[in-house]
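Residue numbers (our numbering): 2 to 253.
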Amino acid sequence: MLQRAREALSQCNWEIGECAAQWTERYARGRTDADFGGLIGLSGDQVYQRRRVWETFSDVHENYSRLKWSHFYAALNWDDAADCLQWAEDMHATVAEMKAWRRAQHGEDLTTPAGDENAALAAVELLPMETGVVRDVESTSSTQDNPRRRSESSSAESATVSGAARESGAGDDYAPFGNRARGDAETSTAVAERPQPSAEAVLKRVAAALEKCDAALTPEVLEGFADAPVKLRKRLKLAMQNLSSKTAGLKV
Numbered sequence: 002m003l004q005r006a007r008e009a010l011s012q013c014n015w016e017i018g019e020c021a022a023q024w025t026e027r028y029a030r031g032r033t034d035a036d037f038g039g040l041i042g043l044s045g046d047q048v049y050q051r052r053r054v055w056e057t058f059s060d061v062h063e064n065y066s067r068l069k070w071s072h073f074y075a076a077l078n079w080d081d082a083a084d085c086l087q088w089a090e091d092m093h094a095t096v097a098e099m100k101a102w103r104r105a106q107h108g109e110d111l112t113t114p115a116g117d118e119n120a121a122l123a124a125v126e127l128l129p130m131e132t133g134v135v136r137d138v139e140s141t142s143s144t145q146d147n148p149r150r151r152s153e154s155s156s157a158e159s160a161t162v163s164g165a166a167r168e169s170g171a172g173d174d175y176a177p178f179g180n181r182a183r184g185d186a187e188t189s190t191a192v193a194e195r196p197q198p199s200a201e202a203v204l205k206r207v208a209a210a211l212e213k214c215d216a217a218l219t220p221e222v223l224e225g226f227a228d229a230p231v232k233l234r235k236r237l238k239l240a241m242q243n244l245s246s247k248t249a250g251l252k253v
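Here it is in structure tokens:
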């Protein structure tokens, strides 16, 4: 299990999450994500995020072939994750576009910064994978038995991680939650805004989405409308009314 997780470090976040879930639940009850991370070279936070994404979306992620692991991480705590992921899959949307679409569905003003959720996600510190230190079980156990060796080992690993992080600017390696993913603080204010899609591109996306909605609203689904939660029924009716009012004046 540990060897499989080590081999997956630079390849698949899904496999790391699966290994962590199986290890902590089946093979090492009572051990933590930090224990597992120490054995394969990841921090406890890194392992926790990958394990939680696996436990939440492992049974459905293959249905979204166009989405990246980071889409599922962004939607981890959303009660409407299924709707957001399906929209992103249909629209070939990026994570940022998916977040913006969700904010729009909730009536938020997209001209203002995102709320506390995105700030909380940005505050999670996950180091690039290549800065981890891989240790065997034997070496970990012997270090824990000796407080002095544990202190010396901790200091050495901190220096190793810091040095690797300073050198990670060279090359094209990218970790989705590493320092490079957030950009350089000195240059972040100079990043050019992403160009807005043309009207034709937006209309194509809307047409595709409406066609999918039309196909999805089968007689069986419509019959179940009365049994749906009141909040969902109101949301659907409001969306349909808004769409109808916006398109009432269009002529072919």
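Positions of the beta carbon are idealized from the N, C-alpha and C atoms, including for glycine.
Using only CA atoms, which one of the options lies nearest to residue i?
| i | options | result |
| --- | --- | --- |
| Gly38 | Arg27, Ala21, Asp228 | Ala21 |
| Arg206 | His93, Thr113, Leu251, Gly225 | His93 |
| Met241 | Arg27, Arg104, Asp60, Cys214 | Cys214 |
| Gln106 | Thr113, Ala97, Asp81 | Asp81 |
| Cys13 | Thr25, Ala35, Gln47, Glu26 | Gln47 |
| Tyr49 | Thr25, Val203, Val222 | Thr25 |
| Ser59 | Ala35, Arg27, Gln23, Tyr28 | Gln23 |
| Leu251 | Pro220, Leu204, Lys232, Lys238 | Leu204 |
Can the beta-carbon of residue i be found closer than 8 Å to that of residue j?
| i | j | result |
| --- | --- | --- |
| Arg1 | Gly18 | There is no way to answer for residue 1, as the model of the chain reaches only from 2 to 253. |
| Asp91 | Ala209 | yes |
| Trp55 | Trp15 | yes |
| Phe226 | Arg234 | yes |
| Arg45 | Thr33 | Note on residue identity: the sequence assigns Gly, not Arg, to residue 45. Yes. |
| Ala75 | Met99 | yes |
| Tyr65 | Leu86 | yes |
Pull up the CB-CB distance for residue i and residue j, whole angstroms please, since I reckon it's below 8 Å.
| i | j | result |
| --- | --- | --- |
| Leu77 | Thr95 | That belief does not hold up - the Cβ atoms of Leu77 and Thr95 are roughly 17 Å apart, past 8 Å. |
| Ala83 | His72 | That pair is no contact at about 12 Å. |
| Arg103 | Leu111 | Rounded, the Cβ-Cβ distance is 11 Å, inconsistent with contact. |
Reducing DSSP to helix, strand and coil, say where residue i ends up.
| i | result |
| --- | --- |
| His107 | coil |
| Asp80 | coil |
| Cys13 | coil |
| Ser246 | helix |
| Leu86 | helix |
| Asp228 | helix |
| Gly45 | helix |
| Val222 | helix |
| Gly39 | helix |
| His93 | coil |
| Leu68 | coil |
| Ala115 | coil |
| Lys100 | helix |
| Asp60 | coil |
| Leu237 | helix |
| Thr33 | coil |
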